[in-house]
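Start counting the sequence shown at 125; every next residue gets the next number (the numbering used here).
We put the beta carbon where it would ideally sit given N, CA and C, even for glycine.
To start, the structure itself, in structure tokens.
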Amino acid sequence: MNAPQNKSAAHSIIGELWAGRPEADAGHVIVDFLAAHTDAVHISFAQFFEIARQAEIKDQNVVLNIITYLTGTDLQLLKTGFEYIEEEIVKPLDIEQVRAARYNKINPITGDEDDEIGSKIFMYFIPSDLAKTALVAE
């Protein structure tokens with residue numbers, strides 16, 4: 125694991141791994157965003173896409189690559205969260221509820237069969253404990 129000690133180290137790790145690729149630039153702007161928003165409790169894919177777009181990175185696959193890397197075991201700067209959303213109902217879910225709901229095609233709140241459950245469960249992101257300490261250090 126390459127746990128960064130500060131924001132500069134995170135930039136270096138990303139820059140070395142993704143050298144010459146747009147993921148390096150996307151990683152840098154996302155790390156900068158996380159450093160400025162360590163108290164965030166709900167970051168959506170759309171927010172990450174917008175951050176990248178503002179840095180003129182339009183390829184969503186590039187952003188997905190960086191999000192996958194930042195949630196992985198290497199840097200661990202992001203944690204994932206899940207929620208069930210249907211009309212006015214918004215409920216947090218843990219990974220086991222998500223797996224069971226998708227596998228069995230059931231509503232995780234009511235237990236009723238729901239063939240459309242995949243369109244009602246959403247992933248979001250939270251800065252990890254490491255991000256909350258390392259990204260504010262210099």
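Check	Outcome
Beta bridge counterpart(s) of Phe246 as assigned by DSSP	Glu207
Beta bridge counterpart(s) of Ile213 as assigned by DSSP	Glu210
Spatial distance of Glu174 from His161 (CA atoms)	15 angstroms
Neighbour-count burial assignment, Ser252, 16 or more Cβ in a 10 Å radius	buried
Residue(s) in a DSSP beta bridge with Pro251	Leu202
Residue from His166, Asp239, Val187 with nearest C-alpha to Arg145	Val187
Euclidean distance between Cα positions of Ser136 and Ile250	22 angstroms
8 angstroms CB neighbourhood of Pro217 in its chain, flanking five on each side removed	With the sequence shown as reference, residue 217 is identified as Leu, and Pro is not the correct amino acid for it. Hits under 8 angstroms: Phe206, Glu207, Tyr208, Ala225, Pro232, Ile245.
Residues bridged to Glu237 (per DSSP)	Ile230
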